[in-house]
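Undergrad:
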Amino acid sequence: MKLTKHRFFKLLLLITISQFFGCNHLFYYPDKTIRFEPSKLELPFENIYINVDSSTKLNGWLIKSKRKENLGLVVQFHGNAENISTHFLYLSWLTEYGYDVFIFDYRGYGLSNGNPEREMIFKDSIQVLNWIFSNYTYKNIFLVGQSLGGAILIPVIGENPNEKIRGIVLDSTFSSYRSITRDKLSSVWLTWPLQWPLSFLVSDEYSPIDFANKITVPILNFHSENDPVVSYELGKALYEAIPSQKEMNTLSGKEHCAAFIMKEDQYRRKLLEFFCMNILEKNNQCAKELEDLKNIRIKNAIDIYNEKKNQKG
Numbered sequence: 000m001k002l003t004k005h006r007f008f009k010l011l012l013l014i015t016i017s018q019f020f021g022c023n024h025l026f027y028y029p030d031k032t033i034r035f036e037p038s039k040l041e042l043p044f045e046n047i048y049i050n051v052d053s054s055t056k057l058n059g060w061l062i063k064s065k066r067k068e069n070l071g072l073v074v075q076f077h078g079n080a081e082n083i084s085t086h087f088l089y090l091s092w093l094t095e096y097g098y099d100v101f102i103f104d105y106r107g108y109g110l111s112n113g114n115p116e117r118e119m120i121f122k123d124s125i126q127v128l129n130w131i132f133s134n135y136t137y138k139n140i141f142l143v144g145q146s147l148g149g150a151i152l153i154p155v156i157g158e159n160p161n162e163k164i165r166g167i168v169l170d171s172t173f174s175s176y177r178s179i180t181r182d183k184l185s186s187v188w189l190t191w192p193l194q195w196p197l198s199f200l201v202s203d204e205y206s207p208i209d210f211a212n213k214i215t216v217p218i219l220n221f222h223s224e225n226d227p228v229v230s231y232e233l234g235k236a237l238y239e240a241i242p243s244q245k246e247m248n249t250l251s252g253k254e255h256c257a258a259f260i261m262k263e264d265q266y267r268r269k270l271l272e273f274f275c276m277n278i279l280e281k282n283n284q285c286a287k288e289l290e291d292l293k294n295i296r297i298k299n300a301i302d303i304y305n306e307k308k309n310q311k312g
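Using our numbering, read the sequence shown as starting at 0 and increasing by one per residue.
(1) Could you tell me which residues DSSP pairs with Gln75 in its beta bridges?
(2) Output needed for Thr249: all residues of its chain with C-beta closer than 7 Å, excluding positions within five of it in sequence on either side, in chain order.
(3) Would Phe141 pass as a contact of Val168 if the rule is Cβ separation under 9 Å?
(4) What's the gap between the Cα of Ile179 and the Cα of Phe173?
(5) Do the segment 106-121 and the segment 47-55 make contact, defined as three or more Cβ pairs closer than 8 Å?
(6) Rank Lys287, Asn294, Ser243 and Asn277 by C-alpha distance to the C-alpha of Gln265 and give the top, closest one.
(7) Report yes if the CB atom of Glu162 is closer than 9 Å to the CB atom of Ile125, and no otherwise.
(8) So what's Ser223 in DSSP terms, helix, strand or just coil?
(9) In whole angstroms, give me the CA-to-CA distance for Ile47 and Leu219.
(10) Using only CA atoms, which one of Leu233, Ala236, Glu290 and Asn299 lies nearest to Ala257?
(11) On the criterion of 16 or more Cβ atoms from any shown chain inside 10 Å, does Leu279 qualify as buried, or is it exposed?
(12) Excluding the 5 residues flanking Lys253 on each side, which residues of the same chain have their C-beta closer than 8 Å to its C-beta?
(13) Would you decide whether Gln310 is buried or exposed? Buried here means 16 or more other CB atoms lie within 10 Å of its CB.
(14) Rounded to whole angstroms, how far is the Cβ of Pro37 from the Cβ of Phe87, which I believe are closer than 8 Å?
(15) Assuming Asn248 is part of the beta strand (DSSP E), what are its boundary residues?
(16) Is the beta carbon of Gly148 closer than 9 Å to that of His255?
(17) Among the residues of its own chain, which have a CB less than 7 Å from the CB of Pro29, if the five just before and after it don't count?
(18) Taking C-alpha atoms, which residue in Glu288, Pro154 and Ser230 lies nearest to Asp203?
(19) Measuring CA to CA, which of Asp182, Glu306 and Gly144 is closest to Tyr231?
(20) Measure the alpha-carbon distance for Lys67 versus Tyr176 and round it to whole angstroms.
(21) Go ahead and pull the three-state DSSP assignment for Gly166.
(22) Identify which residue in Leu42, Met261 and Tyr205 has its Cα closest to the Cα of Asp99.
(23) Hey, would you say Arg296 sits closer than 9 Å to Tyr205, going by beta carbons?
(24) Just grab the DSSP bridge partners of Ala211 for me.
(25) Let me make sure I understand the geometry here. Which of Met261, Asn50, Met276 and Asp209 has the alpha-carbon closest to that of Arg165?
(26) I'd like to check one pair, Lys138 with Gly71: are the Cβ atoms closer than 9 Å?
(27) Measure the beta-carbon distance from Gln244 to Pro217 and round it to whole angstroms, keeping in mind my assumption that it falls under 8 Å.
(28) Considering only C-alpha positions, which residue in the set Tyr135, Phe44, Ile241 and Asp209 is nearest to Ser64?
(29) Tell me the DSSP secondary structure of Val228 in three-state form.
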């Protein structure tokens, strides 16, 4: 049978639509390969496994500050692709400034077994945080959610608040699963007319917008106004739905999750200031250190790596 132009586009449309049936997988792109470890940056770390059920273990890293007395713990919820071996680089620089960083892989990512599925990732994340609260004595814990990680984080904290959490940072996060599905469908001419009906094939369960009104801790938000992955409007919708003390930082570029890795240090500095304003006890020490750093560039992971490389000659 001859494949006419009409039949070709009909076939292409059917293939596109078929992707939305059982479409949970569209949000998860796990990678099992461990590409880079904190030891490459000469950062001490613990390799940790957390049992979340009888058959599933999640892998995480506790990357430690070299200071004897640190300022707190930052728990990182990473985005939808790759695994902790690349995502830890977004925040590993914080160890230079007195913070430990804990990052973990969702089920199916990296060395975590199982298959990624929204409800189970939600339940797993609650267990991971409860494990952290039970096993560590940090008085100041901050949570950072990047892209999909922020969408996971907001429902988790909405349903499982804890007094040790001093603040939440959202980086390039979306408001709901259906809204980002519509946004992506509308960007392709073939599926633009079907963006609304097709989006209802996507479950909106555990969408962050539905839990936003339960958030009571301070929020720091970052989003590029021309983000090519998660549109600025979706991030702003979530931000506006959160009733707690909050601050929006709008990046002018076209990058996704760029705030903490870009060459300019203004947003890394903003992150340190946010932590400092919200920690208990050591805030005077923290404020003094920030003052000392006033005229010094806040390094990112690339800077730290290059420094270590140059020191070795």
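The C-beta atom is built at its ideal place from N, Cα and C for all residues, glycine as well.
TA: Here's the rundown:
(1) Ile102 and Val143
(2) Residues His222 and Glu224 of the same chain have their beta carbon placed closer than 7 Å to that of Thr249, with the five preceding and five following residues left out of the count.
(3) Yes, the pair counts as a contact, with Cβ atoms nearer than the cut-off.
(4) Looking at the two C-alpha atoms, the distance is approximately 7 Å.
(5) yes
(6) Asn294
(7) no
(8) strand
(9) 28 Å
(10) Asn299
(11) Exposed: under 16 other Cβ atoms inside 10 Å.
(12) Ser223, Asn225, Asp226 and Pro227
(13) Exposed.
(14) 7 Å
(15) Lys245 to Leu250
(16) Gly148 sits away from His255, with the two beta carbons spaced by 9 Å or more.
(17) Asn82, Gly107, Tyr108 and Pro115
(18) Relative to the Cα of Asp203, the nearest Cα in the group Glu288, Pro154 and Ser230 belongs to Pro154.
(19) Relative to Tyr231, the option among Asp182, Glu306 and Gly144 whose CA is nearest is Asp182.
(20) When rounded, the distance between both Cα atoms is 42 Å.
(21) DSSP places Gly166 in strand when its eight states are reduced to three.
(22) Leu42
(23) Cβ distance not < 9 Å, so Arg296 and Tyr205 don't count as in contact.
(24) Partner(s): none; Ala211 has no beta bridge.
(25) Met276
(26) yes
(27) 5 Å
(28) Phe44
(29) Three-state DSSP puts Val228 in coil, outside helix and strand.
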